[in-house]
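In what follows, a structure is listed as structure tokens, so that the remarks can point back to it.
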Amino acid sequence: PDATDGPVGEPVLELDGVVRSYASETAVEDLSLTVGDGEVLTLLGPSGCGKTTTLRLVGGLEHPDAGAIALRDRPIADADDGTFVPPEHRGIGLVFQDFALFPHMTAAENVGFGIEDWNEADRRERVAELLELVDLADHGEDYPGELSGGQKQRVALARSLAPEPDVLLLDEPLSNLDVSLRVSMREEIRRIIDETGVTAIWVTHDQEEALSVADRVGIMNDGRLRQVGRPERIFERPASRFVASFLGRTGFLSGERQADTVATDLGRIDADRIADLDAVQGETVDILVRPDDLRATPTTEAEAHGRITSRQYQGPSFVYRVETAGGDTVHCLQNHTEVFDVGQPVAVDLVADHPLQWFPRD
Ligand code: ATP
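Here's what the structure looks like:
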């Protein structure tokens, strides 16, 4: 499957074949990526996959061993000719997960830190404007020790935006906040990004955060960018089993390609419901099905597609694991009122209204 969607907006930041190795391993491997003007691109991947190193390369905290990085067509790093613009001259703002505020400076002084070369009046005005933007107009004189985690994060964001960067880099900006605060803070950060029009790369290991705040999501693994695309596309049409499995619970339904259908344990699925199905007749394929694609209905043993093997309560919903007669494992998302027992025989309907992704048998 096609693994990329192009940038949203005019290209602003371009990475071309970037490599960064350490003595023992390659942290970033041949990474090429274009980020568009005003776009929010989230980078998602397991621990150690190279997300932070990618941000540090863009921010100028690391030198690439190979490849080049350009910002608005201006090279900022190029391993071939040694070009290396230092971080403070890149026009890039960085927000770290630990906020990195100066404890002995007030919120307002922290925000004004990166624009000390501005004249006093402009600086004062810019700081006030940013404190207003992040909803901390009344807290300018507070010290970081007097602020909550969410407030500190907003000061850090305001500080990085003060010099009007072209690009904002956020490294796991919510990981030091309480879970209950993360959802509202991610909406807040997205609002602030939109109001300033800055282009952003946002690193996270939280799949829900990555999908919900992004214009495009990039999935990394082992130092490589595996797929970049709009959130719905990455979710519905993952380019590999790795990408599929990284975005929530997945099930695979094995089936045999026939003339106009694929024969599975859940019955025949019309071939035209499966995206770009080019498997030949008789070939076995695996069809990706997520919990929200399937619904279970209790039925008799004789009419069942399988039986329930586990139940997980999720508040507003249940997820039931179903083992099919032929041994496939799938999950069904049901309303919290649909209480079925483990062992219950069920018919499973395919309710997905998007083209289904398939993978050739390994
Ligand atoms: P996490 O989500 O855990 O922060 P990450 O995706 O951000 O992980 P990186 O921090 O970019 O991953 O690290 C990528 C790989 O490079 C890891 O295996 C890490 O151990 C290694 N690495 C990163 N920095 C260094 C360094 N300064 N020296 C040696 N190895 C490093």
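The numbering of the sequence shown is my numbering, which starts it at 101 and goes up by one.
Virtual Cβ for every residue (Gly too), placed ideally from N, Cα, C.
Compute the minimum distance between the beta carbon of A310 and the heavy atoms of ligand 1, and state whether it is under 7 Å. Taking the sequence shown and counting its residues from 1, one reaches residue 310 at position 210. No.
Mapping DSSP to helix, strand and coil, what is M320? Along the sequence shown, read from residue 1 onward, the residue named residue 320 stands at position 220. Of the three classes helix, strand and coil, the one that applies to M320 here is strand, per DSSP.
When you compare each of R326, D306, W302 and G182 to D315 by their alpha carbons, which one comes out closest? Walking along the sequence shown from the start, residue 315 turns up at place 215. Among R326, D306, W302 and G182, the Cα nearest to that of D315 belongs to W302.
For S284 and Q381, I'd like the C-alpha separation in whole angstroms. As a first step, residue 284 is located in the sequence shown; it is residue number 184 there, counting from the start. As a first step, residue 381 is located in the sequence shown; it is residue number 281 there, counting from the start. The alpha-carbon atoms of S284 and Q381 are separated by roughly 50 Å.
Hey, out of I192, E246, R330 and I289, whose CA is closest to E478's CA? Absent from the model: residue 478. The displayed extent of the chain is 101 to 462, so no value can be given.
Using 7 Å as the cut-off, classify the Cβ of H163 as near or not near the heavy atoms of ligand 1, replying yes or no. Working through the sequence shown from its first residue, we reach residue 163 at position 63. Look at H163: its beta carbon is at least 7 Å from all of the heavy atoms in ligand 1.
Closer than 7 Å: is that where the CB of K151 sits relative to any heavy atom of ligand 1? Here residue 151 refers to the residue found at position 51 of the sequence shown. Distance from the C-beta of K151 to the nearest heavy atom of ligand 1 is below 7 Å.
Taking 7 Å as the cut-off, is the CB of S147 close to at least one heavy atom of ligand 1? In the sequence shown, the residue the question calls residue 147 occupies position 47. Yes, ligand 1 has a heavy atom inside 7 Å of this Cβ.
Taking 7 Å as the cut-off, is the CB of A127 close to at least one heavy atom of ligand 1? As a working note, residue 127 is residue 27 in the sequence shown. Correct: A127 has its Cβ closer than 7 Å to ligand 1.
Would you say the beta carbon of H305 comes nearer than 7 Å to a heavy atom of ligand 1? Counted from its first residue, the sequence shown places residue 305 at position 205. Because some heavy atom of ligand 1 lies under 7 Å away, the Cβ of H305 counts as near it: yes.
Same chain, Cβ closer than 8 Å to V119, neighbours up to 5 away in sequence not counted: Here the question's residue 119 lines up with position 19 in the sequence shown. Scanning its chain for C-beta atoms nearer than 8 Å, with the 5 sequence neighbours on each side dropped, one finds around V119 the residues T126, V128, E129, D130, L131, P164, D165, A166, G167 and A179, in chain order.
If you follow the beta strand (DSSP E) that E229 is part of, which residue opens it and which one closes it? On the sequence shown, residue 229 is found 129 positions in, with the first residue counted as 1. Careful: E229 lies outside any beta strand (DSSP E), inside the alpha helix (DSSP H) at E220 to L233.
Backbone secondary structure at G214 - three-state DSSP: In the sequence shown, the residue the question calls residue 214 occupies position 114. When DSSP states are grouped into helix, strand and coil, G214 belongs to the helix group.
Candidates T361, R411 and A363: closest to V419 by CA position: Position 319 of the sequence shown, counting from 1, holds the residue named residue 419. Closest by alpha carbon: R411.
Who pairs with F352 in a beta bridge, going by DSSP? Walking along the sequence shown from the start, residue 352 turns up at place 252. Its beta-bridge partners are L388.
Alpha-carbon spacing of V422 relative to P445, whole angstroms: Mapped onto the sequence shown, residue 422 falls at position 322. Mapped onto the sequence shown, residue 445 falls at position 345. Those two C-alpha atoms are separated by around 9 Å.
Looking only at its chain, what residues have a beta carbon closer than 6 Å to the beta carbon of V362, apart from the 5 residues adjacent to it on each side? If you number the sequence shown from 1, residue 362 lands on position 262. Leaving aside the five residues that flank V362 on each side, the residues in its chain whose CB is nearer than 6 Å to its CB run, in chain order, G355 and I369.
Kindly give me the distance between the Cβ atoms of P455 and I387, rounded to whole angstroms, as I take these residues to be in contact under 8 Å. On the sequence shown, position 355 is the one that residue 455 refers to. On the sequence shown, position 287 is the one that residue 387 refers to. 11 Å between Cβ atoms; not a contact.
According to DSSP, what are the bridge partners of P445? Locating residue 445 in the sequence shown gives position 345, counting from the first residue. Beta-bridge partners of P445 (DSSP): R407.
In three-state terms, what does DSSP make of T399? Numbered from 1 along the sequence shown, position 299 holds the residue referred to as residue 399. Looking at T399 - three-state DSSP - the assignment turns out to be coil, as it is neither helix nor strand.
Please confirm whether V112 and R172 have their CB atoms less than 8 Å apart. Residue mapping note: residue 112 aligns to position 12 of the sequence shown, counting from 1. Residue mapping note: residue 172 aligns to position 72 of the sequence shown, counting from 1. The Cβ-Cβ distance between V112 and R172 falls below 8 Å.
Mapping DSSP to helix, strand and coil, what is R282? Walking along the sequence shown from the start, residue 282 turns up at place 182. R282 falls in the helix class under three-state DSSP.
Do you know whose CA, among D137, A425 and S121, lies nearest P107's CA? If you number the sequence shown from 1, residue 107 lands on position 7. The residue from D137, A425 and S121 with its alpha-carbon nearest to that of P107 is D137.
Which stretch, first to last residue, makes up the alpha helix (DSSP H) that contains R333? If you number the sequence shown from 1, residue 333 lands on position 233. For R333, the uninterrupted alpha helix (DSSP H) segment begins and ends at P331 to E336.
Look at the alpha carbon of L269 and the alpha carbon of A379, and state the distance between them as a whole number of angstroms. Residue numbering aside, residue 269 sits at position 169 when the sequence shown is read from its first letter. Residue numbering aside, residue 379 sits at position 279 when the sequence shown is read from its first letter. About 42 Å.
Quick check on DSSP: helix, strand or coil for L236? Translated into the one-based positions of the sequence shown, residue 236 becomes position 136. Here L236 sits in coil by DSSP.
For E114, name the three-state secondary structure that DSSP assigns. Here residue 114 corresponds to residue number 14 of the sequence shown, with the count starting at 1. Collapsing the DSSP output to three states places E114 in a strand.
Around the C-beta of H431, are 16 or more other C-beta atoms found within 10 angstroms, so that it is buried, or is it exposed? Here residue 431 corresponds to residue number 331 of the sequence shown, with the count starting at 1. Classification of H431: buried, given that the 10 Å Cβ count is 16 or more.
Where does L161 sit, in a helix, a strand or coil, going by DSSP? Numbered from its first residue, the sequence shown carries residue 161 at position 61. The three-state secondary structure of L161, taken from DSSP, is coil.
Below 7 Å, is the gap between the Cβ of Y243 and the nearest heavy atom of ligand 1? Along the sequence shown, one-based indexing puts residue 243 at 143. Y243 has its CB no nearer than 7 Å to any heavy atom of ligand 1.
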